[in-house]
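Residue numbers (the working numbering), protein chains in the order written: chain A, -15 to 295; chain B, 126 to 464.
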């Protein structure tokens, strides 16, 4: 038994020592994903948004974007050559504001998804591995969180955090809202992994719990975790914008897409100022579409049955 | 077909979840900054008066006494009186007034979603990899990617502002007084019951845009699930058997495929009902419809805690009930699940 395990261990080190690129291209998952045109379109959209976000963060002056430009620029100007996305009620050009919105969406979206992934994965793996009371306590708590419609739970949770946290309180609330989804997916995946003999072997060899979980269970649950994270990314970006839209996120003046849309609805709608709603919303929807296209492609690549032609 | 035991068992399993839900709401509000007594008494009230209000709200009792009282009240749907929004009106009354507004919106949205999503999903699956399939899939992905607070304003700008075909906001023209004919609280139903055709038309015209905005989102989710579920079912042996026996393709898909493919679709319909309620909050805000969603947003902003408690618990309760309905429907579609 022990010799067998040693061989397995050696093979796994071999795999680790191969280059990352080699390993990725060798994976049927990645090659299937890259042959999916919609997924590639998703990747292209995401890359474009990241470039816009980084450009805005590095080269645009946040002061000019946030402060009133009345007197300098025309007020409420429709899109023109000088102001491709028009100007808002404070005469601020919307183009740089929308570009900066990409930075906020990407930054806060990443933090939200990363935090809920880490929390959910941790809870899910622990619940699956220890079972029994631990499993029950964790999963029943998750059930309670899942009993709320997600945006409403986020609204209620946002109330706990002080106003001056701005978008961070939306991040905190949404992290708590998304954690149960990851915990459920990961617990399910981990339970399947735990049935494998190599786990028994590792335990028999005397590996400590953390080692078993991190070295052996976690890597084998990565696929469903990645798909869930990608799909959740789009949702996180929409929900963050929704909370700002409802007035529980970004502080007034912040160039966040949700806040710009809120302004478009409250002040632009009845006056027919369409560009206040159109441009921020378009970029928001496009970004979310990018993540959904990629997430969908990943799910198809994981479950190739769906791709077979029907006779 | 539905066994009472199964339903009772499911209902009993709901109790711990609902207690958990109530406990979470209780803790959220106790962790929130802001002093309810001060909110009621007003910033300039005397120290003594604030103490009196605290005493009357029971805020000086030990936390576990307050918790016990909260659970007992919540079990009877008693959430006290509104602090600010409709001062001294029982929360129950405020909710009873606003809930039909949100339910009506959600129901029409769901109706649009189901009646378009299911046929589109089946079509997409049967014609897999055809142009119809690609268009439906891309459309569905776009449908879940477009936020309601973008599609809503755009539709208003197009159909109300530019074309002038439909009204911009509200539930019915301001010329009519719906409260006078209130029976169910559902404006499309009440106007019909009152036999007032003009009012009914006005109500329907006001419903078209908000219900479509919600409906597109739910259509997208349902058609996606219907497609993948149908694809799975189409490959089953019993489908081939039915075809081998000489049954036509259409009948096989509709009779044998549909019922089996519906099981995961019903889960999605149930799960996205929660999204629908969340979507209702956003839709109500965009279209200035005074339902329970806008009520919650306002209550959180001004710190009207009894309203927040009542609304959040009602939403969670509704969502849980819908999911119970999903479980029961499962057992009808596939009696093996009861075991």
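Positions of the beta carbon are idealized from the N, C-alpha and C atoms, including for glycine. Since this is a predicted model, take the numbers as computed values, not measurements.
- Taking a Cβ-Cβ threshold of 8 Å, the residues of chain B close to residue 261(A) are 275, 278, 279 and 282, in chain order.
- Comparing alpha-carbon positions, the option among 60(A), 192(A), 123(A) and 105(A) lying closest to residue 72(A) turns out to be 60(A).
- Think of a sphere of 7 Å around the beta carbon of residue 258(A): the chain B residues whose beta carbon falls inside it are 282, in chain order.
- Spatial neighbours of residue 246(B) in its own chain (CB-CB distance under 6 Å, excluding positions within 5 residues in sequence) are listed in chain order as 348, 351 and 352.
- Setting aside the 5 residues that flank it on each side, residue 320(B) has no residue in the same chain whose C-beta is closer than 6 Å to its C-beta.
- The alpha-carbon of residue 421(B) is positioned some 11 Å away from that of residue 405(B).
- Only 137, 138, 139, 140, 141, 142, 143, 144, 145, 146 and 147 from the stretch 137 to 154 of chain A bring a Cβ to less than 9 Å from some Cβ of chain B.
- Contact between residue 164(A) and residue 129(A) holds: CB atoms are separated by about 5 Å, below the 8 Å threshold.
- It is roughly 38 Å from the alpha-carbon of residue 197(A) to the alpha-carbon of residue 228(A).
- Between residue 301(B) and residue 324(B), the alpha-carbon positions lie close to 7 Å from each other.
- Residue 410(B) reaches chain A at 230, counting residues in chain order whose Cβ is nearer than 7 Å.
- Annotated three-state conformation of residue 294(B) is coil, per DSSP.
- Look at residue 246(A): its C-beta is under 9 Å from a C-beta on chain B.
- The alpha carbon of residue 239(A) has as its nearest neighbour, out of 10(A), 7(A), 50(A) and 13(A), the alpha carbon of 50(A).
- In this structure, the alpha-carbon of residue 243(B) lies about 8 Å from that of residue 344(B).
- For residue 280(A), the chain B residues whose Cβ falls inside 9 Å of its Cβ are 262, 266 and 349, in order along the chain.
- Interface annotation, residue 148(B): in contact with chain A, CB-CB separation under 9 Å.
- The Cβ of residue 7(A) sits no closer than 9 Å to any Cβ of chain B.
- Note on geometry: alpha-carbon atoms of residue 44(A) and residue 83(A) lie some 9 Å from one another.
- If you check the CB distance, residue 355(B) and residue 433(B) do not come in under 9 Å.
- No residue range can be given for residue 239(A), since it is assigned to no alpha helix (DSSP H) and is classified by DSSP as neither H nor E.
- Around residue 328(B), the same chain offers 296, 297, 312, 313 and 316 as residues with beta carbons nearer than 7 Å, after the five sequence neighbours per side are excluded.
- Our two residues, residue 99(A) and residue 159(A), have alpha carbons roughly 6 Å apart in a direct line.
- When the beta-carbon positions are compared, residue 132(A) and residue 416(B) stay at least 9 Å from each other.
- Note on the stretch 61 to 90 of chain A: there is no whole alpha helix (DSSP H) run with a minimum of 4 residues.
- Scanning chain A for C-beta atoms nearer than 7 Å to the C-beta of residue 286(B) yields 256, reported in chain order.
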